[in-house]
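Quick note: the working numbering has the sequence shown finishing at residue 1019, numbered continuously throughout.
Below is one structure; the comments refer to it alone.
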Amino acid sequence: MTGKILRISYLVAISALLASALLFFGVMYRDYEDGAFARLRAEAAAIAQGLGAVGSDYFDSFAPDDRVTWIAANGTVLYDSAAPAQLLESHAGREEIDQALQTGEAQTSRYSKTLLQRTFYYAKLLEGGTVLRVSCTQNSLPAMILMLLTPFLWVATLVLILCGVLSYRLARQITKPLNAINPDNPAPLPSYPELTPLFDKLREQNRTIGKQMNELQLRQREFTAITENMREGFLLVDCKMHVLSSNHSALEVLGGRELKPGCLLYDAECSQEIFDAVDTALSGSHAELLLTIDETSWQVLANPVVASGQVAGAVVLFMDVTEREQRERLRREFSANVSHEMKTPLQVISGSAEMIASGLVDPDDIGEFGRRIYLESQRLRALINDVLTLSRLDESSFASAERVPVDMLELVQRTCERLRPLARGHGIELGFSGADLHTLGNEALLEQAVSNLVENGIRYSDDGGTVNVRVEIDEMSGEPCIAVRVSDDGIGISEQDREKIFERFYRTEKSRSKETGGTGLGLAIVKHAALYHGGDIEVESVLGAGSTFTLRLPLEPLDC
Ligand code: ADP
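Below, the structure is given as structure tokens:
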């Protein structure tokens, strides 16, 4: 503003200086012309009087200020104050002479371009027909200007300095109160009443901006609360890969270091595949990939963000799919194991049947072959049944309607009676005892679980051993519950195996398991059945001395 005021002041001062100079020179010039003719006229009158009285001798004692020329009627110069008369040419035909001869007097001026001078002539007709001419010269306007240029420049410099100082002070005076205005709370200035409407407008705009800021902050807080509470990682970048927003979960994938809004995504210490996915999204396509970081599987989904028909950025979601991936892996392993387990009995069955059919078997051995086929088909049936049971448990397809009050002592008694022939076959003593306790559950599933435990007790005990089943009150999570304890004095289970025996197809004694018709799924079914009923399964064992499996189930009060 100071500069602008200075410029305008200088412009005004220079314009005023030039205008007044031109006016001054113009007036002076015109005044000089009028004055010159008046002076020449008076001088001519005085000389004419002198000539009339003294005659041509008048010029002998004559010392005029201006040039005086006396011309005869035929134009011959009789006298000239500036040059010898005989050297001068005839003045006949000169404008002022001719005019004076005709009208008695004449005045005229002539301009000399070479001398930059103007000459004023006054001619007067004297008695006797001669003409007296008086003339003087004046510098022309440009010559006068040139003459006065130096003083003019001095004055102009002085004026401009003064103008600069005054303008600077004026500008300071104007801008000082304006600079002191607080834009957040503009108070009207008494010295500037014309600015009051502007201040009103500013205050109004401040109020509007304040409201919009509050709304934006609220939205921002909402957005942050939503994204920070998301289990999925969230990342938003602009088209130049600058991070606009990210949440805490995303940092797990992006190297753990905080990504400030505005920083480049390339600052993150993460897999190149993520950068490639974001690049793909920024080129307008969808990108998806699976990453494993520290045993956690992340599914990365990158999509373009389109605004006004153009890709303005990319949004990336990181989903923890570890559980899903593990389930998928277990499912694949389970399918492979099931196929493998089925192969052996099927090969025995088809091989034996083929040999019988092609008459390669001695008629005496046919019975043995038939028994083998029967045993393997029984094993196959048991395997298929166990797989079906586990599939139903996996899919939670045991409807809750199937839950009924189950008398556990009666169920244990029934199971033991069913398995007594098997125990007897191994010379094993099988006993049960306990209290009359009920649970709410699926009876068939519970019977299969208890049966698997008792059967294992018999199968993994040496001949002549003992298997005991007790039904008693125990405690689970501080609540009373039913405990079905199956103890044997068999081969026992090592500490490291104890953690794994509930996994599908895990066997510590492979040959004994297969010899005794085990499928490798018995304990997995027991574990799932326990979880299905809201219970648990636990094992205590001493290698070579025996094991005790405890199946805990919620207690159903008898009055229910
Ligand atoms: P299987 O059909 O092979 O018996 P299970 O799932 O029932 O499969 O048992 C898994 C493994 O746990 C068995 O192969 C066996 O090695 C071990 N096991 C189960 N019960 C006992 C037990 N009472 N005593 C010793 N080992 C056992």
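Just so you know, even glycine gets a beta-carbon here, dropped at the ideal spot from N, CA and C.
Treat the numbers as computed from the prediction; the structure is a model and nothing was measured.
- When the five nearest sequence neighbours on each side are left out, the beta carbons in the same chain lying within less than 6 Å of the beta carbon of Gly893 are those of Leu868, Arg929, Val930 and Glu931, in order along the chain.
- CA-to-CA, the gap between Val765 and Leu718 works out to about 23 Å.
- Shortest gap from the CB of Glu782 to any heavy atom of ligand 1: 7 Å or more.
- In the structure shown, Leu510 falls within a helical segment according to DSSP collapsed to helix, strand and coil.
- Counting along the chain, no beta strand (DSSP E) covers Tyr833; the unbroken alpha helix (DSSP H) around it starts and ends at Ile825 to Asp853.
- The region 513-520 makes no contact with the region 585-595; the number of CB pairs closer than 8 Å stays below 3.
- Glu555 is not a Cβ neighbour of Tyr538, given a cutoff of 8 Å.
- In the DSSP assignment, His701 forms a beta bridge with Leu723.
- In summary, Gln907 is buried, with 16 or more beta-carbon neighbours lying within 10 Å of its beta-carbon over all protein chains present.
- Between Thr573 and the set Asn598, Asp895 and Gly721, the nearest pair of CA atoms involves Asn598.
- Contact between the region 811-823 and the region 792-801 is not established, with fewer than three Cβ pairs separated by less than 8 Å.
- For Glu711, the uninterrupted alpha helix (DSSP H) run begins and ends at His707 to Val712, by DSSP.
- Beta bridge pairing from DSSP links Lys583 with Glu564 and Leu591.
- Ser626 and Met700 have their C-alpha atoms roughly 52 Å apart.
- Met867 sits in a helix when the DSSP states are folded into three classes.
- Beta-bridge annotation (DSSP): Val926 is paired with Leu889 and Asp947.
- Between ligand 1 and Thr1009, a heavy atom-to-CB distance of less than 7 Å is absent.
- Assignment of beta-bridge partners to His897 by DSSP yields Asp866.
- Boundaries of the alpha helix (DSSP H) harbouring Ala795: Thr781 to Ala816, taken from the DSSP string.
- Here the region 976-990 lies against the region 844-863, with 3 or more beta-carbon pairs under 8 Å apart.
- Across the set Thr686, Ser836 and Cys729, the C-alpha of Thr686 shows the shortest separation from the C-alpha of Val774.
- Collapsing the DSSP output to three states places Asn638 in a helix.
- Bounds of the beta strand (DSSP E) holding Gln758 are Thr755 to Ala766.
- Assignment of Pro645 by DSSP, reduced to helix, strand and coil, places it in the coil class.
- The DSSP assignment places complete alpha helix (DSSP H) segments of no fewer than 4 residues inside the region 973-1003 at 981-991, in order along the chain.
- With a threshold of 7 Å, the Cβ atom of Arg966 counts as near ligand 1, since some heavy atom of the ligand is closer than that.
- Residue burial is scored here from C-beta neighbours: Pro804 has at least 16 other C-beta atoms within 10 angstroms and is therefore classed as buried.
- Distance from the C-beta of Ile996 to the nearest heavy atom of ligand 1 is not below 7 Å.
- Sixteen is the threshold: when 16 or more other Cβ atoms of the shown chains lie within 10 Å of the Cβ of Asp845, as they do, the residue is buried.
- Nearest to Arg918 by C-alpha distance, out of Arg966, Asp933 and Leu905, is Arg966.
- Distances from the CA of Pro720 to each of Gly714, Gln561, Val696 and Ile952 were compared; the closest alpha carbon is that of Val696.
- Here Asp738 carries a helix assignment [DSSP, helix/strand/coil].
- With a cut-off of 7 Å, the C-beta of Ser730 is classified as distant from ligand 1, since no heavy atom of the ligand falls inside that distance.
- Rounded to the nearest angstrom, the Cβ distance from Val926 to Gly916 is 4 Å, consistent with a contact under 8 Å.
- Remark: C-beta atoms of Leu750 and Val712 approach each other more closely than 8 Å.
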